[in-house]
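Residue numbers (this note's numbering): 1 to 318.
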């Protein structure tokens with residue numbers, strides 16, 4: 001148990017609730033831009049869990065998930081501490097863009113630097129001020145552009161503790177994914193924080209089914225840690241499908257995209273997935289499944305260009 005938690009010079013004692021406002025930089029108009037860090041502590045000993053979202057400012061569904069954890073008071077723990085950060089990249093959220101104003105992807109600049117770029121400074125302070133207090137974390141993301149992710153957890157392979165936590169969370173899919181240099185997840189792992197990365201939905205969109213999956217999984221996660229308040233009930237988890245290898249299917253032609261298969265569907269080799277047509281009614285190209293597998297990402301864009309990722313399909317299952 002972390003008897004005292006001090007974040008940006010504000011101390012939160014067991015049994016206390018506090019919202020801390022992180023401010024590293026202002027807008028170019030000199031307007032203050034603060035990132036709320038919502039801390040709820042029980043009087044009883046227990047671990048510290050971080051629920052975070054908005055590393056990419058346009059991934060609004062993640063922010064909605066953390067918001068609902070707060071609104072439903074799921075973030076008030078039976079024991080231990082829960083820290084919620086609904087929006088980390090507040091600059092991107094304001095502008096509805098993925099990146100920081102300096103053009104950098106925050107999720108590629110960790111561990112950051114106190115004297116580096118704006119994104120790098122944010123990464124530095126998150127790791128210095130918050131993560132040392134955190135035992136477990138769930139970071140919520142969504143698919144980029146118009147690519148819709150099926151609700152899924154991503155963990156590194158060959159980590160039995162994370163696999164157990166993924167089983168507990170119970171997302172429809174779990175994708176084995178190696179650490180990426182500069183990512184938040186990689187830095188948390190190096191600091192001893194056990195993180196599940198949740199993916200679901202797409203950028204600049206909110207999807208209630210994705211949100212519900214994430215909320216239920218989070219409740220099961222907290223229940224496993226004996227942190228879920230008695231008044232909250234968690235649904236039984238369905239068995240997650242573990243994907244060890246997957247492929248991206250890319251458009252071989254540019255044109256109007258007509259997807260024919262729903263996200264999460266299991267398809268057979270040769271099955272028709274989509275058509276790509278010209279706008280003038282003369283040409284229609286068929287997109288077929290290269291092998292059996294589950295569709296874990298579907299492109300919702302009406303127009304695609306040659307080379308665009310249009311489906312993510314499982315290749316090998318555990």
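From the three backbone atoms N, C-alpha and C, an ideal C-beta is built for every residue, glycine too.
- Using a 10 angstroms sphere on the CB of residue 27, the tally of other CB atoms stays under 16, which defines it as exposed.
- Cβ contact annotation for residue 17 (same chain, cutoff 6 Å, sequence separation greater than five): 40, in chain order.
- A direct Cα-to-Cα measurement between residue 264 and residue 3 gives close to 44 Å.
- Contact check for residue 56 and residue 124: beta-carbon distance about 18 Å, past the 8 Å limit, so the pair fails to qualify.
- For residue 317, the pairing in a beta bridge is given by DSSP as 243.
- Comparing C-alpha distances from residue 239 to each of 247, 296 and 173 shows the shortest one belongs to 173.
- Note that the region 193-211 touches the region 155-171; at least 3 beta-carbon pairs, one per stretch, sit closer than 8 Å.
- Note that the region 222-232 does not touch the region 240-249; fewer than 3 beta-carbon pairs, one per stretch, sit closer than 8 Å.
- With fewer than 16 other Cβ atoms from the protein chains shown falling within 10 Å of its own Cβ, residue 179 counts as exposed.
- Collapsing the DSSP output to three states places residue 139 in a strand.
- The residues 176, 178 and 244, in chain order, have a CB closer than 8 Å to that of residue 157 in the same chain once the five nearest residues on each side in sequence are set aside.
- Unbroken beta strand (DSSP E) runs of no fewer than 3 residues, entirely contained in the region 224-302, are found at 241-250, 255-259, 272-277, 284-288 and 293-299, following chain order.
- Residue environment for residue 71: exposed (fewer than 16 other C-beta atoms within 10 angstroms of its C-beta).
- Judged by beta-carbon spacing, residue 52 lies within the 8 Å limit of residue 88, meaning their Cβ atoms are closer than that value.
- Taken atom to atom, the span from the alpha-carbon of residue 111 to that of residue 219 is near 29 Å.
- Proximity to residue 59 across 296, 43 and 97 peaks at 97, based on C-alpha coordinates.
- In this structure residue 259 touches residue 298 by the C-beta definition: roughly 6 Å separates them, less than 8 Å.
- For the pair residue 49 and residue 136, the CB atoms are nearer than the 8 Å cut-off.
- The DSSP assignment places 90-95 and 118-129 as complete runs of the alpha helix (DSSP H) inside the region 89-130, in order along the chain (cut-off: 4 residues).
- Boundaries around residue 194 are those of the beta strand (DSSP E), 194-202, since no alpha helix (DSSP H) includes it.
- One Cα belongs to residue 108, the other to residue 163, and the distance between them is close to 24 Å.
- With respect to residue 253, residue 274 sits apart: the two C-beta atoms are not nearer than 8 Å.
- Distance between residue 272 and residue 291, taken at the CA atoms: about 11 Å.
- Residue 85 and residue 66 have their alpha carbons spaced roughly 7 Å apart.
- Restricting attention to alpha helix (DSSP H) runs no shorter than 4 residues, the region 148-221 encloses them at 160-169 and 184-190, ordered along the chain.
- Setting aside the 5 residues that flank it on each side, residue 94 has no residue in the same chain whose C-beta is closer than 6 Å to its C-beta.
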